[in-house]
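One structure is given below, encoded as structure tokens.
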Amino acid sequence: MSRLDKRKKLFKKTLDYETAKTKRIQSLLEQSKSKTEQILDRKRKIVGSYEQSMVMKEDPDKWFENGSFLNLQGLIDWMSQVKTGTIEEQNKAIKCIRILLSCSISIPYEKILQDTEFIKVLMQAFKKSTAREFLLNSAWIFTNLIVHISNQNTTNELISKIPFLLGCDLGIAELGVIMASNISNKSKDNQNLLLEQNIISHLHDLYIRTTDQKLKYSIIGCFSNLLSGRSVDINKYSEKMIPILISVLKETTNPEILLDALFCLSYLAEEKVIGKQMVKYVTNFKITINNEFYEIVCSTLQILSSILLTPENIPKVFKAIPIQLFSNLLDSQNFFIQKYISLVFYTITLKYNSYITNEHTTKLCKLANKHNLALLALTNLARNNEKQIKLLVNSPAIDLFIKCLNINSEEYIYFAAEALNTILDSTHKNLIKNKIDIQKIEKLHLHPNEEIFNCINQIFSKLNNN
């Protein structure tokens, strides 16, 4: 296993990368579901009390059963009218069903979904020739039913209709966005089917078309749901998504919306090609890197670390965002900010650059006691060249490396030993050899880990020869 492979392995292990990502996805999905429910509750209340009262007065027995909702027989009668009635009767019946469902606490979803003929009539409404009100009510009903649909064929058919809904007027298009979010929450297969319908382009066009901020943010939430747990190539979607997501950073201070946008950007930035595309927008991250919410700061740092993995991006990033901002974050007392700022410095120290100063190495030494990535960043400096080794020698790093040799952690021992071994090959070896007490690390001479064993033996050899 090469050094780079070892470091990649440790990098993933240190961050608990996959676990952290899974938790993040689950958290965002829960947030999205919560937001969707809030939207639906709001929409239920929006159904005007005047409209309800006028319809209810015509036939109160169909609405009330023992003084409360829901009158199941009334629902069945209206479903029957939707299937067999005249256009006027259908319009009235579907409006009544919508109002009934919006007001009821206990909704018989199974009863509705079992009526395949009723579902078929609603599905057939998704076409240009359908009267707007009937189309709107049909879309609203499906938006509420979708999470309860177990028949994948019905779900697949709905997925095929969503691009049409997104192209309708904004009231109907908003329901299409909510429906897409709900469907994508159900499974990864649904996400892929939606992406195959080119839904990103349709959402992009809708985002450009609308000035309604709530609808814009619903679209961002939908992006987030579509990308979470994805298993498809997203390179072809990035060109449309990135400008929209970046614009959100400038348009809102709402932390939930910002997190959705940053979550999408972090997924996109993981692709090296897309990371290069994002460099021209990097100045916009100054908005979020100083946010009061640590989750937003951490998400921003994660994106920037992905962009910084490409060496030619480093000067572009620091031209847009002064390195002093990153240096200030090294002083943060927040554990998670410490973790992600360590990741940033780990990334930029992979290759030599002139941005690292003695101030940074001193601060990284403090973080290294709690964060492996800070130690790795310092180890990277030892590998780079004589100039950066000098930074280490003039900082507390040498004492830190020696201390790490006595820590009960193979990772800490190995990387500290590797750093010391490298420095002992440099012109600065005389400045550190007297600091290393051979007796204190003698027990490592027979360490069972072969890599540590070899590294420690090389250190002993160099100390004894000198």
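Using UniProt numbering, the letters of the sequence shown correspond one by one to residues 1 to 466.
Here a beta-carbon is modelled for each residue, glycine too, at the ideal position from N, C-alpha and C.
Taking all protein chains shown into account, decide if lysine 370 is buried (16 or more other Cβ within 10 angstroms of its Cβ) or exposed. Exposed.
The alpha helix (DSSP H) enclosing asparagine 408, as first and last residue numbers: For asparagine 408, there is no enclosing alpha helix (DSSP H), as DSSP marks it with neither H nor E.
Report the three-state DSSP secondary structure of threonine 349 (helix, strand or coil). Looking at threonine 349 - three-state DSSP - the assignment turns out to be coil, as it is neither helix nor strand.
Could you have a look at isoleucine 452 and say whether DSSP puts it in helix, strand or coil? If DSSP states are grouped into helix, strand and coil, isoleucine 452 belongs with the helices.
Can you tell me whether DSSP reads residue 496 as helix, strand or coil? As displayed, the chain neither begins before 1 nor continues past 466, which places residue 496 out of reach and without an answer.
Given threonine 347, which residues of its chain have a CB within under 7 Å of its CB, disregarding the five upstream and five downstream residues? Only Ser305, Leu308 and Leu309 meet the Cβ criterion.
Which residue from Gln302, Glu174 and Lys351 puts its Cα closest to that of glutamate 312? For glutamate 312, the closest of Gln302, Glu174 and Lys351 by C-alpha to C-alpha distance is Lys351.
Counting C-beta neighbours from all protein chains within 10 Å, is the total for histidine 148 16 or more, i.e. buried, or is it exposed? Burial call: exposed.
How many angstroms separate the CA atom of valine 393 from the CA atom of histidine 428? Rounded to the nearest angstrom, the two C-alpha atoms are 8 Å apart.
With alanine 368 as the anchor, note down where its alpha helix (DSSP H) starts and where it stops. Note, alanine 368: premise wrong, no alpha helix (DSSP H); not H, not E.
Local Cβ density within 10 Å of aspartate 260, reported as buried at 16 or more and exposed below that: Per the 10 Å Cβ criterion, buried.
Quick one: is arginine 98 buried, meaning 16 or more other Cβ sit within 10 Å of its Cβ, or exposed? Buried is the call here.
Which same chain residues end up closer than 6 Å to lysine 440 when comparing Cβ atoms and leaving out the 5 residues on each side of it in sequence? Counting only Cβ-Cβ distances below 6 Å, and skipping sequence neighbours, we find nothing.
Assign isoleucine 438 to one of two classes, buried (16 or more other C-beta atoms within 10 Å of its C-beta) or exposed (fewer than that). Counting Cβ neighbours within 10 Å, isoleucine 438 comes out exposed, since fewer than 16 surround it.
Anyone know if the C-beta pair for serine 266 and glutamine 324 falls short of 7 Å? No; because the gap between Cβ atoms is not below 7 Å, this pair is not in contact.
Proximity winner among Ala397, Leu100 and Gln90, relative to arginine 132 (alpha-carbon distances): Checked all of Ala397, Leu100 and Gln90; the closest Cα to arginine 132 is Gln90.
Does the contact criterion of 3 or more C-beta pairs under 8 Å hold for the stretch 333-341 versus the stretch 314-322? No: the two stretches stay apart, fewer than three of their Cβ pairs being nearer than 8 Å.
Using a 10 Å radius around the Cβ and a threshold of 16 neighbouring Cβ atoms, would you call glutamate 386 buried or exposed? The Cβ neighbour count for glutamate 386, taken over all protein chains shown within 10 Å, is under 16; the residue is labelled exposed.
Would you mind listing the alpha helix (DSSP H) stretches within the stretch 412-450 that are 4+ residues and don't spill past its ends, in chain order? Fully enclosed alpha helix (DSSP H) runs of 4 or longer: 438-441.
Roughly how many angstroms lie between the CA atoms of residue 505 and glutamate 256, to the nearest whole one? The structure shown does not extend to residue 505, since the chain spans only 1 to 466, so no value can be given for it.
Between which two residues does the alpha helix (DSSP H) holding serine 129 run? Where serine 129 is concerned, there is no enclosing alpha helix (DSSP H), given that its DSSP letter is neither H nor E.
Would valine 248 and serine 218 be called neighbours here (beta carbons separated by less than 7 Å)? Serine 218 sits away from valine 248, with the two beta carbons spaced by 7 Å or more.
Classify asparagine 465 as helix, strand or coil using the three-state DSSP reduction. The DSSP-derived three-state label of asparagine 465 is helix.
Inter-residue Cα distance where the pair is isoleucine 119 and alanine 139: Put simply, the backbone Cα of isoleucine 119 is about 11 Å away from that of alanine 139.
Cβ atoms of cysteine 168 and leucine 227: under 7 Å apart, would you say? In this structure, leucine 227 sits away from cysteine 168, with a CB-CB distance that is not shorter than 7 Å.
Below 8 Å CB to CB, which residues in the same chain sit around leucine 446 once its five sequence neighbours on both sides are set aside? Phe453.
Tell me, to the nearest whole angstrom, how far the beta carbon of leucine 444 is from that of isoleucine 413; I am working on the premise that it is less than 8 Å. 7 Å between Cβ atoms; contact.
Inter-residue Cα distance where the pair is alanine 416 and isoleucine 402: Straight-line spacing of the CA atoms in alanine 416 and isoleucine 402 works out to 7 Å.
Could you say which of Lys433, Asn372, Ile423 and Pro108 lies nearest to glutamate 410 if we only look at CA atoms? Distances from the alpha-carbon of glutamate 410 to those of Lys433, Asn372, Ile423 and Pro108 put Asn372 closest.
Assign leucine 72 to buried or exposed, taking buried as 16 or more other Cβ atoms, counted over all protein chains shown, within 10 Å of its Cβ. With fewer than 16 Cβ atoms within 10 Å of its Cβ, leucine 72 is classed as exposed.
Using CA atoms only, rank isn't needed, just tell me which of Phe345, Asn353 and Leu367 is closest to aspartate 331. Cα-wise, what sits closest to aspartate 331 is Leu367.
Which residues in the same chain have their Cβ closer than 7 Å to the Cβ of serine 238, if we skip the five residues on either side of it in sequence? Its chain contains Leu268, Ile274 and Gln277 as the residues whose beta carbon lies nearer than 7 Å to that of serine 238, once the 5 sequence neighbours on both sides are disregarded; these appear in chain order.
Using the three-state DSSP reduction, which class does asparagine 254 fall into: helix, strand or coil? Note: asparagine 254 maps to coil in three-state DSSP.
Could you say which of Ile162, Leu391 and Leu420 lies nearest to serine 354 if we only look at CA atoms? Nearest of Ile162, Leu391 and Leu420 to serine 354, Cα basis: Leu391.
Let me know if isoleucine 407 comes out buried or exposed under the rule of 16 or more other beta-carbons within 10 Å of its beta-carbon. Flag for isoleucine 407 reads exposed.
Does the distance from the C-beta atom of cysteine 222 to that of serine 181 stay below 7 Å? Closer than 7 Å, so yes.
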